[in-house]
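To start, the structure under review is shown below, and the notes come after it.
In our numbering, the protein residues as written are 661 to 1066.
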């Protein structure tokens, strides 16, 4: 398969975003070389698979292929120098707010926390420091992280900010067979592979995949969807308009269902952007929610420089709730992030900054606004919790429940 970088006579389709590529920063030469390696590896798998890969597999390879995938490579991903900013980077008060439900869950189960996909490590660091201030430190803080590069960044963050607590932290390669305590996932589910589906007309469902054209370049190709996707799509009750393009995740509900077998006592607390099913598949979302992020620019072409962009889709929280409930977990609550953080006392934490006229207070207040205001992250992000054998409610869900929408 011939591959050539931008500016040569033949331009690869995966380099033509057709969705604003002119405004995207040009990757460095080293980044382009790494992407082309991944491009060739994906092309080889397409050929071995008979010429077609479901998009869910393409997304998995683009994000997680060892050493070359987006989350496995060495580029900065989080913060101002990366591709996007998550809530822990916006304000330490995000993590500090989570200390209240974390302490409650641990008191009713076991003194340990498992964070799945810990990003830069800032959430872990600030949460540990706040729990220490409150006298509720976990005996163990486990981090489930598949990326060796991210593990190194997390260890560096924790060593720099919480060196005296580092002996409590350890990393996991796989889910534990059994666990009691709090399982925490912030912006985890949105990065799990999704299937791309096309409804060309009522009653017809196609799965979109990636093929190679005559020049050996990536191109889209649709095939009839298999039984698992047909079953999942039947739950949607889609009303069009047709053709309609959207996503279904089989991976995220399956991950939640796994905890039905593994969680002995405690809770799962999951925070992500998404909707209930009735809001997700609205007529005005006929092009789906799939989005890519590169250097704080959003675009819609996941074939552009694979391995260099984050690829995400909104979460169908109805599917997540159904999976947890079917696995034997109690659905403890579901509501927007803004209301959850207010219920957890984020404004009280803000008020602890003594001088309300100081530059530090004003900066902290602006950051909290980003987390809680409806037109910022407060409404777009949701929080869902599952539990097992908890005798008392978990803070954060005492008002503003949206469970009825699931």
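Note that the Cβ used here is the ideal one computed from N, Cα and C, for glycine as well.
Model, not experiment: these values are computed from the prediction.
Nearest-angstrom Cα separation, counted from residue j out to residue i
i, j, result
"residue 827", "residue 797", "12 Å"
"residue 1025", "residue 1010", "7 Å"
"residue 1005", "residue 934", "23 Å"
"residue 662", "residue 902", "At residue 662 the pLDDT is 36, less than 50, meaning the model places this residue with poor confidence; the figure from the coordinates comes in the next sentence. Whole-angstrom Cα-Cα distance: 37 Å."
"residue 999", "residue 1032", "7 Å"
"residue 1008", "residue 844", "23 Å"
"residue 812", "residue 841", "25 Å"
"residue 1013", "residue 994", "30 Å"
"residue 954", "residue 684", "8 Å"
"residue 666", "residue 687", "Because residue 666 carries a pLDDT of 29, less than 50, the predicted location of this residue cannot be relied on, and the following value inherits that uncertainty. Taking the straight line from one Cα to the other gives about 10 Å."
"residue 792", "residue 1002", "22 Å"
"residue 957", "residue 917", "34 Å"
"residue 751", "residue 910", "32 Å"
"residue 1051", "residue 834", "29 Å"
"residue 867", "residue 711", "14 Å"
"residue 1044", "residue 963", "31 Å"
"residue 806", "residue 1017", "43 Å"
"residue 987", "residue 802", "23 Å"
"residue 854", "residue 1019", "43 Å"
"residue 1027", "residue 709", "47 Å"
"residue 738", "residue 1036", "Note that residue 738 has pLDDT 49, beneath the 50 cutoff, so the model's placement of it is unreliable and the number below is only indicative. Computed Cα separation, rounded: 18 Å."
"residue 913", "residue 772", "24 Å"
"residue 874", "residue 951", "27 Å"
"residue 764", "residue 692", "47 Å"
"residue 1040", "residue 1062", "13 Å"
"residue 939", "residue 948", "12 Å"
"residue 704", "residue 1049", "48 Å"
"residue 748", "residue 1023", "15 Å"
"residue 1060", "residue 1038", "12 Å"
"residue 974", "residue 767", "33 Å"
"residue 1030", "residue 753", "12 Å"
"residue 880", "residue 863", "22 Å"
Assigned exposure category for residue i - 16 Cβ within 10 Å defines buried
i, result
"residue 659", "The chain is shown from 661 up to 1066; residue 659 falls before or after that span and cannot be answered."
"residue 728", "buried"
"residue 942", "exposed"
"residue 820", "exposed"
"residue 1015", "exposed"
"residue 944", "exposed"
"residue 1047", "buried"
"residue 755", "buried"
"residue 690", "exposed"
"residue 757", "buried"
"residue 907", "buried"
"residue 838", "exposed"
"residue 799", "exposed"
"residue 664", "Note that residue 664 scores a pLDDT of 33, beneath 50, so its modelled location is shaky and nothing firm can be said."
"residue 997", "buried"
"residue 869", "buried"
"residue 851", "buried"
Own chain partners of residue i with C-beta closer than 6 Å, once the 5 adjacent residues on each side are dropped
i, result
"residue 804", "776, 832"
"residue 825", "788"
"residue 847", "746, 932"
"residue 936", "977, 978, 1065, 1066"
"residue 769", "840, 841, 925, 926"
"residue 706", "713, 872"
Cutoff 7 Å; reference residue i; Cβ partners in own chain excluding five residues on either side
i, result
"residue 761", "929, 1004, 1054, 1055, 1056"
"residue 822", "785, 788, 789"
"residue 966", "674, 695, 698, 699, 702, 722"
"residue 904", "859, 898, 946"
"residue 836", "922"
"residue 1021", "1013, 1015"
Residues of its chain near residue i, where Cβ-Cβ distance is below 8 Å and the 5 sequence neighbours each way are ignored
i, result
"residue 865", "857, 858, 859, 884, 885, 889, 890, 893"
"residue 794", "759, 763"
Proximity test, residue i beta-carbon vs the ligand SAM heavy atom, cut-off 7 Å
i, result
"residue 912", "You won't find the ligand SAM in this model; it holds no ligand whatsoever."
### Any alpha helix (DSSP H) of 4 or more consecutive residues that is wholly inside the segment 841 to 901
With a minimum length of 4 residues, the continuous alpha helix (DSSP H) runs that stay inside the segment 841 to 901 are 887 to 894.
### Query
Contact between the segment 778 to 786 and the segment 808 to 820: three or more CB pairs below 8 Å?
Yes: at least three Cβ pairs fall under 8 Å.
### Query
Looking at C-beta atoms only, is the number of pairs between the segment 891 to 904 and the segment 714 to 734 that lie closer than 8 Å three or more?
Flag = no, the segment 891 to 904 and the segment 714 to 734 do not touch.
### Message
At 3 residues or longer, what runs of the beta strand (DSSP E) sit wholly inside the segment 956 to 1039?
### Response
Correct list: 957 to 959, 970 to 972, 990 to 996.
### Query
Are there three or more Cβ pairs, one per stretch, closer than 8 Å when the segment 958 to 974 is compared with the segment 715 to 729?
Taking a cut-off of 8 Å for Cβ pairs, the segment 958 to 974 and the segment 715 to 729 touch, as three or more such pairs fall below it.
### Task
For the segment 975 to 994 and the segment 698 to 716, state whether three or more C-beta atom pairs, one from each stretch, are separated by less than 8 Å.
Contact annotation: the segment 975 to 994 does not touch the segment 698 to 716, with fewer than three C-beta pairs closer than 8 Å.
### Query
In chain order, which beta strand (DSSP E) runs of at least 3 residues are fully inside the segment 767 to 852?
List check, beta strand (DSSP E) in window: 772 to 776, 800 to 804, 829 to 832, 839 to 846.
### Length-filtered (4 minimum) alpha helix (DSSP H) runs lying within the segment 697 to 760
Note on the segment 697 to 760: whole alpha helix (DSSP H) runs with a minimum of 4 residues are 715 to 724, 747 to 750, in chain order.
#### Entry: Segments assigned alpha helix (DSSP H), at least 4 residues, entirely inside the segment 920 to 955
Entirely contained in the segment 920 to 955, the alpha helix (DSSP H) runs reaching 4 residues are, in chain order, 937 to 940.
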